[in-house]
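Reviewing the structure listed below.
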Amino acid sequence: MKSLYLHVNPTTCAGHGLCAELLPEAVRLDDWGYPIVDPSPVPSHIQGHARRAVAACPTLALVLNATPVRGIASPRGDEGST
Amino acid sequence: MKLARSVADTDLAVRGGVLGSPRLLAGPGREIPESLASHLDRLGDPLDAVGKTSPRDLIQRIRASGLRGRGGGGFSVGEKLAAVAASAGVRNHAVVVANASESEPASAKDRLLLSLRPHLVIDGIEVAARAVGARKAYICVSQRSDHAVRALQQALRERTEARLRPIAVEVVPAARTFVGGDETALLSWIAGGAPSPRVVPPLPAHRGLSGRPTLVQNAESLAHLALIARFGSEWFRRVGTKEEPGTMLVTVSGCVSRAGVYEVPIGVQLRDVLDLSGWSGETGVILVGGYFGSWVNRQDAGEKDLSRASLATCGAAPGAGVIVALPKSACGVKETAEVVDWLAAESSGQCGPCVHGLSAVAACLAQLASPASARRADLRRLLRWCTEIEGRGACRHPDGVIKLVRSCLQVFAPEVEAHRSGRCFGSYQGWLPLPATTQPVR
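Respectively, the protein sequence lines represent chains A and B. The first sequence begins at 1 in the working numbering and counts up by one. The second sequence begins at 1 in the working numbering and counts up by one.
This is the structure:
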């Protein structure tokens, strides 16, 4: 089974917290109810649960990707300092 | 055009000074913008200098110069040009965006550069456009200085009259928000939207304005690029360090007698820059790299060089060249806490960890800043939040704030310790400018 990684799109996530309910093995919530996902590959025996968590996310913010690289906006400045 | 009320412009005496031979600030006096006639007389037309050089060779020249972005991130300008050029095509022309939004409150260098050498920045836009095959360019200018905006508009008029307009350059007043300086936020603002960052990928180099490959470069980077196009990469490498060639503009303010913008070779001793700006025995800890930067204690300030490599050894970076000196009588924890509170309010409000996390971090740091309320539990909680929040925003805003908080807790550890035992040796004096938080205004 191929490696899959969980990602949260932080701009769409509204902190419903279903992912942490459905997949406590890989997702926990911070003090404000937003998910902190385990950056390591999702273990194969819980990939089915991970897919269900992704499907259950009300804002479609949780995704399973084949890559560990998380989308992050370019650094500021030229990035804007400025 | 409406002007933003800003502490920085009234507080920062923008002098303009140099250490060694100036490049960007070379030329006539520092009172008025240089005219097109004087600029051409001194430097000639950059596109003439580029001549028939192919875009590919031009990009190779920029790459060989080792120029890094001067907006704070320090990414290779040549690599960025190459990425944009590679994504562009006959039906998908690239766009060039000059970033002079200068949302960093303690920075004034881009405004100074535009106020004095507007043609150099426009040259840079034209050369960059030639390199990536762009037909349209924008320049997003800080609304904090009408000098810069007027100088730029006057320069564009002069070029139109002289029929020196190879590419349409549209001037866009920047949003008056801190996060508005982020690349993707800038593009959203130019396109008519809110100045809010988006998640990348796709990078602007691949999909930016109207879906086109978009080159976003800081105004100072473009001015350097204009000179490299004329004088070549070897000339550019004659000053600076091997890894970080060239000069850079720094904005020095705070507890110094000659606050201002200075052009200095990269790799010069930080002490020399502070000597130039008039630091004294009263000067204490120094903020290097702006509000996403780090505190540098007096001993390191006396020993390190102004370069990424040297400053990295004390956990700092030059960023966009912002240097603010605190007097020994100020409490660094209190000064930082006020900035962090301001930065938390400047969140674009899109990501939960940034919105909720940063305001919690700000409140916790405020507790630690006061001898009446500092407790060990607050420190532990703050450190845990720093770890949890980092990397969980769409843009670097939360990461930048966390970096500043970490640096504060490290460099001002003795002060935090003193607060916990009910003592404080300094006071809040407001050395770091905090412009009124406003809604974006067009």
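C-beta: ideal position from N, C-alpha, C; glycine also. The structure displayed is predicted, hence computed values, not measured ones.
- A buried status is given to B/Asp182, since no fewer than 16 other beta-carbon atoms sit within 10 Å of its beta-carbon.
- DSSP, read as helix, strand or coil, puts B/Trp279 in coil.
- In this structure, B/Gly290 sits away from A/Trp32, with a CB-CB distance that is not shorter than 9 Å.
- Comparing alpha-carbon positions, the option among B/Phe412, B/Ser65 and B/His39 lying closest to B/Asp123 turns out to be B/His39.
- Interface criterion not met: the Cβ of A/Ala66 is under 9 Å from no Cβ in chain B.
- Assignment of B/Ile286 by DSSP, reduced to helix, strand and coil, places it in the strand class.
- Beta-carbon to beta-carbon, B/Pro245 and B/Glu126 are separated by about 22 Å, too far to satisfy the 8 Å threshold.
- Burial state of B/Lys328 is exposed, judged by a 10 Å Cβ sphere holding fewer than 16 other Cβ atoms.
- Those residues of the stretch 13 to 38 of chain A placed with their C-beta closer than 8 Å to a C-beta in chain B are Cys13, Ala14, Gly15, Asp30, Asp31, Trp32, Gly33, Tyr34 and Ile36, ordered along the chain.
- DSSP, read as helix, strand or coil, puts B/Thr336 in helix.
- Shown here for B/Leu67: same chain residues with a beta carbon closer than 8 Å to its own, the five before and five after excluded, namely Ser76, Val77, Gly78, Ser221, His224, Leu225, Ile228, Phe236, Pro245 and Gly246 in chain order.
- The contact set of A/Pro10 on chain B, defined by CB atoms closer than 8 Å, consists of Val199, Gln350, Cys351, Gly352, Pro353, Cys354, Arg392, Gly393 and Ala394 in chain order.
- Taking 8 Å as the upper bound for CB-CB distance, B/Ile62 and B/Ala98 are not in contact here, some 15 Å apart.
- Linking B/Val149 to B/Val273 through their CA atoms gives a straight-line distance of about 28 Å.
- In this structure, the alpha-carbon of B/Ser65 lies about 20 Å from that of B/Gly44.
- Listed in chain order, the non-local C-beta contacts of A/Thr12 below 7 Å within the same chain comprise Thr59, Leu60 and Ala61, local neighbours out to five positions each way being set aside.
- B/Pro173 sits in a strand when the DSSP states are folded into three classes.
- Of all alpha-carbon atoms in B/Val95, B/Pro105 and B/Arg406, the one lying nearest the alpha-carbon of B/Leu81 is that of B/Val95.
- B/Gly319 sits in coil when the DSSP states are folded into three classes, being neither helix nor strand.
- In terms of beta-carbon proximity, B/Glu388 lines the interface with chain A, with at least one pair separated by less than 9 Å.
- Note that the C-beta distance between B/Ser107 and B/Gly321 is below 9 Å.
- Bridge pairing for B/Asn99: B/Cys140 and B/Asn218 [DSSP].
- Of the residues B/Ala162, B/Pro197, B/Asp146 and B/Pro435, the one whose Cα lies closest to the Cα of B/Val172 is B/Asp146.
- Nearest Cα to B/Asn297 within the set B/Val441, B/Val264 and B/Leu409: B/Leu409.
- Annotation for B/Ser348: Val179 and Ser196 place their beta carbon closer than 6 Å to its own, counting only its chain and skipping 5 residues before and after.
- Taking C-beta atoms as the reference points, B/Arg135 and B/His93 count as a pair closer than 9 Å.
- According to the DSSP assignment, A/Arg28 belongs to no alpha helix (DSSP H) but to the beta strand (DSSP E) extending over Val27 to Leu29.
- Under the criterion of beta carbons closer than 8 Å, B/Val361 and B/Leu383 do not qualify as touching, at roughly 10 Å.
- Each of B/Ser307, B/Phe412 and B/Ile389 was checked against the Cα of B/Cys424, and the nearest Cα belongs to B/Phe412.
- For B/Gln217, the closest of B/Arg198, B/Leu186 and B/Glu104 by C-alpha to C-alpha distance is B/Leu186.
- At least 9 Å separates the CB of B/Ala137 from every CB of chain A.
- The way I'd put it, the stretch 298 to 305 of chain B does touch the stretch 265 to 284 of chain B; three or more beta-carbon pairs between them come closer than 8 Å.
- The residue from B/Ala194, B/Gln429 and B/Gly211 with its alpha-carbon nearest to that of B/Pro201 is B/Gly211.
- Closer than 9 Å to the CB of B/Ala360 there is at least one CB belonging to chain A.
- Scanning its chain for C-beta atoms nearer than 7 Å, with the 5 sequence neighbours on each side dropped, one finds around B/Thr177 the residues Ser103, Pro195, Glu346 and Pro440, in chain order.
- Against chain A, the CB of B/Gly357 has a partner CB under 9 Å away; the residue lies at that interface.
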